[in-house]
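Reading through the structure tokens given below for one structure.
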Amino acid sequence: MPAMHSDSFPQKTILVIDDDASLHDLSRVVLTRIGYRYVSAFSGTEGLQRIKEHHPHMILLDLMMPDIDGEMLYKELISNPAYREFQNIPVIMLTALTHDDERKNKLLEMGISAYLNKPFGLNELINVIQNVFITHDIKLRNVRLQEEIKSANSYLERLINYAPVGILSTNREGIIIRVNSFFVQMMAAPDASMFIGKNILDYQLFKQEEICKKFEQVLKTGEPIKIPALNLQNARGWWIRANVNCVVLREDSNEISGLLSIWEDVTQIEKQTYELSILRQVGQALQRTLNLPELLHLILTSITAGCALGFSRAMVFLIDPEKNVLEGKVGVGPMSEEEARAVWNEISKDHANLEAFLEKYGTNIPHEESSFGKMVQNVKIPLTEENNVLVKTIREKKPFKIDNAWENPLVPKDFEETFQEDSFVTVPLSAKGRVIGIIVADNKYSEFPIEDDRVELLMLFANQAALAIENAEAYKKLEDKVAQLNEAFERLQEAQDRLLRSERLAVIGKMAAHVAHEIRNPLTAIGGFARRILEHPDDTR
Numbered sequence: 001m002p003a004m005h006s007d008s009f010p011q012k013t014i015l016v017i018d019d020d021a022s023l024h025d026l027s028r029v030v031l032t033r034i035g036y037r038y039v040s041a042f043s044g045t046e047g048l049q050r051i052k053e054h055h056p057h058m059i060l061l062d063l064m065m066p067d068i069d070g071e072m073l074y075k076e077l078i079s080n081p082a083y084r085e086f087q088n089i090p091v092i093m094l095t096a097l098t099h100d101d102e103r104k105n106k107l108l109e110m111g112i113s114a115y116l117n118k119p120f121g122l123n124e125l126i127n128v129i130q131n132v133f134i135t136h137d138i139k140l141r142n143v144r145l146q147e148e149i150k151s152a153n154s155y156l157e158r159l160i161n162y163a164p165v166g167i168l169s170t171n172r173e174g175i176i177i178r179v180n181s182f183f184v185q186m187m188a189a190p191d192a193s194m195f196i197g198k199n200i201l202d203y204q205l206f207k208q209e210e211i212c213k214k215f216e217q218v219l220k221t222g223e224p225i226k227i228p229a230l231n232l233q234n235a236r237g238w239w240i241r242a243n244v245n246c247v248v249l250r251e252d253s254n255e256i257s258g259l260l261s262i263w264e265d266v267t268q269i270e271k272q273t274y275e276l277s278i279l280r281q282v283g284q285a286l287q288r289t290l291n292l293p294e295l296l297h298l299i300l301t302s303i304t305a306g307c308a309l310g311f312s313r314a315m316v317f318l319i320d321p322e323k324n325v326l327e328g329k330v331g332v333g334p335m336s337e338e339e340a341r342a343v344w345n346e347i348s349k350d351h352a353n354l355e356a357f358l359e360k361y362g363t364n365i366p367h368e369e370s371s372f373g374k375m376v377q378n379v380k381i382p383l384t385e386e387n388n389v390l391v392k393t394i395r396e397k398k399p400f401k402i403d404n405a406w407e408n409p410l411v412p413k414d415f416e417e418t419f420q421e422d423s424f425v426t427v428p429l430s431a432k433g434r435v436i437g438i439i440v441a442d443n444k445y446s447e448f449p450i451e452d453d454r455v456e457l458l459m460l461f462a463n464q465a466a467l468a469i470e471n472a473e474a475y476k477k478l479e480d481k482v483a484q485l486n487e488a489f490e491r492l493q494e495a496q497d498r499l500l501r502s503e504r505l506a507v508i509g510k511m512a513a514h515v516a517h518e519i520r521n522p523l524t525a526i527g528g529f530a531r532r533i534l535e536h537p538d539d540t541r
């Protein structure tokens, strides 16, 4: 056998577990000569100890040994958690037994790398060792590659599943093979099984003829398409809006294998845009009047308008600081389901937008207060009632959403009996950090649940309304002050006129006195001369 240089092979440790000393002597010479590090063990027990001490790269294990045979040792190695870090070491089983194919196949199935019958040639041993190392390296690379593929697939799976867009893919016939969790959530489906296996070209799936035609076009032509602002109903019957982008999937041969569609849910964006538009239009309407009764009616009209906040009934309560009570000021809403239907039918005939609707109905105060409005105006709640949801709304400066009002201790019995409330919401009217009142709204006759987003929108609107009310009250106070100033000015003007008249009379009197004084002197002389003439008529001197 030709000598082999140690640098031809990497320095690896081989553990030989065999009770035959001559085998150790021979194999030690051969293996160390070609560059391997050699470790001996003469029993199964010693072999297990050497495994822990030397962490070998390969084990040559004799099948037949007195204490623990090779099969038992191998089972211990691959099953005992204490040897977990050594369980991937390649093992070559050595045996002098022949024609035991059943046991050989069993050991190979258990995971040993090779089976070598004694006696064997040295070249045969070296070739088997080298082949096992090569095979083991390939196996390790395959394991690592599989782990990398598994990790990449897991990453892609998470990427698809947690993507903030809906993802749907089909085969070339249009059968849906995959949807992600966002798509399931967007469509309000119980799980993905509602879509998997269904044909995207089937009208019944989305009940949208447009989308069926577009997807069919993609599968036929291979050209990508975009469907902007697609409106469709989800499983709960809610209308949603989505931007849909669709491309084909192709095989390596460039054959179409299916399609991939991305669904961007813009419902919330559209909703937020619409809500901002509502707040803008209502805010502009609130700025057009400073008359408090008109303003309060406009506020409640905005809350109950279907094209705005859409509540069934609404009330405004304002604080009277002098009396320390919360007073009902105005209420808008029907008193019965029949009245509600009549009002909604009448309004539904008017297709005006929100701005035109508020222009027509907002400040159009009825000549006579409605029955509901009168009920609201009769409500006066002392601010000392701390266990009252209306008072708590003021004190805590936050909204309250009440369900099952009849059993809620925060709802006064007389309030619940008067307005027959089941569910309602209260929000504070807060301006510049000061609460001036509250808004109460419900869906008494529409029976729609009061959603949290409606409460948030009502809160934003209430802040605008509070500023408008404060401005109207400030304007009313200013008007009163101006009226008082005008009245005072008129009184001052009258006093000034009287003073001027008095001054004129004084001047006239002074002038008359002066004239009288000037006239009096000659008249005195004339009078004296006249008397003398009268006394001495004959005296001509």
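In this note's numbering, the protein residues as written are 1 to 541.
A virtual CB, placed ideally from N, CA and C, is assigned to each residue, including glycine.
For clarity, every value in this text was computed on a predicted model and none was experimentally measured.
What do you get for residue i, buried or exposed, if any count of 16 or more other CB atoms within 10 angstroms of its CB means buried?
i	result
K481	exposed
Y203	exposed
I526	exposed
I278	buried
W239	exposed
I508	exposed
G258	buried
H183	One point to set straight first is that residue 183 is Phe, not His, in the sequence displayed. So F183 ends up on the buried side.
H351	Because the pLDDT at H351 is just 47, under 50, the model does not fix this residue reliably, and the value given afterwards should be weighed accordingly. H351 comes out exposed.
E421	buried
D7	Residue placement at D7 is flagged as unreliable, the pLDDT there being 46, under the threshold of 50; the coordinate-derived value follows with that caveat. D7 is exposed by the Cβ-count criterion.
L108	exposed
T32	exposed
Y445	buried
P334	buried
V143	exposed
V16	buried
V515	exposed
G166	buried
P2	Caution is warranted here: a pLDDT of 42 is assigned to P2, below 50, making its placement in the model unreliable, and the coordinate value is therefore given only provisionally. Label assigned to P2: exposed.
D442	buried
A305	buried
Q464	buried
I433	According to the sequence shown, residue 433 is Gly rather than Ile. G433 comes out exposed.
I269	exposed
Considering residue i, what are the terminal residues of the alpha helix (DSSP H) in which it resides?
i	result
I303	292–304
T221	209–221
M72	70–79
E447	First-last for E447: undefined, no H or E at that position.
K329	Segment 325–332 is the beta strand (DSSP E) holding K329; no alpha helix (DSSP H) there.
S27	21–33
F206	203–206
For the beta strand (DSSP E) containing residue i, list its first residue and its last residue.
i	result
N243	239–250
E264	256–265
D441	Asp is not the amino acid found at residue 441; the sequence shown has Ala there. That run of the beta strand (DSSP E) goes 434–442.
N180	Element bounds for N180: n/a, residue is neither H nor E.
I14	13–17
K226	225–233
Y38	37–41
R50	Note, R50: premise wrong, no beta strand (DSSP E); alpha helix (DSSP H) at 44–54.
M58	58–62
A431	424–431
Can you give the beta carbon distance from residue i to residue j, rounded, assuming they're within the 8 Å contact cut?
i	j	result
E50	Y38	Checking the displayed sequence, the identity of residue 50 turns out to be Arg instead of Glu. Not quite, the Cβ-Cβ distance comes to about 11 Å (not below 8 Å), so this is no contact.
A472	L292	4 Å
G47	L73	6 Å
N117	T98	6 Å
L326	L390	6 Å
M194	N234	11 Å between Cβ atoms; not a contact.
D67	T45	6 Å
With distances taken Cα to Cα, identify the nearest neighbour of residue i among the options.
i	options	result
H57	F86, D69, A82, I68	F86
A466	E421, L492, E518, I438	I438
R454	R434, D320, L276, V391	L276
E337	G70, S312, D320	S312
K374	L60, V425, G331	G331
S113	A152, I469, D137	D137
Q272	L457, I402, K477, E470	L457
T135	G111, I149, Y155, E148	G111
Q546	N117, F419, I402, N388	Here the chain covers residues 1 to 541 and nothing more, so residue 546 does not appear.
G35	A41, T221, I14	I14
P224	N231, I129, C246	C246
R141	G174, N88, N105	N88
Entirely enclosed alpha helix (DSSP H) segments - the segment 374–416, minimum 4 residues: 389–396
Those runs of the alpha helix (DSSP H) which lie wholly inside the segment 93–180 and span at least 4 residues: 101–110, 122–161
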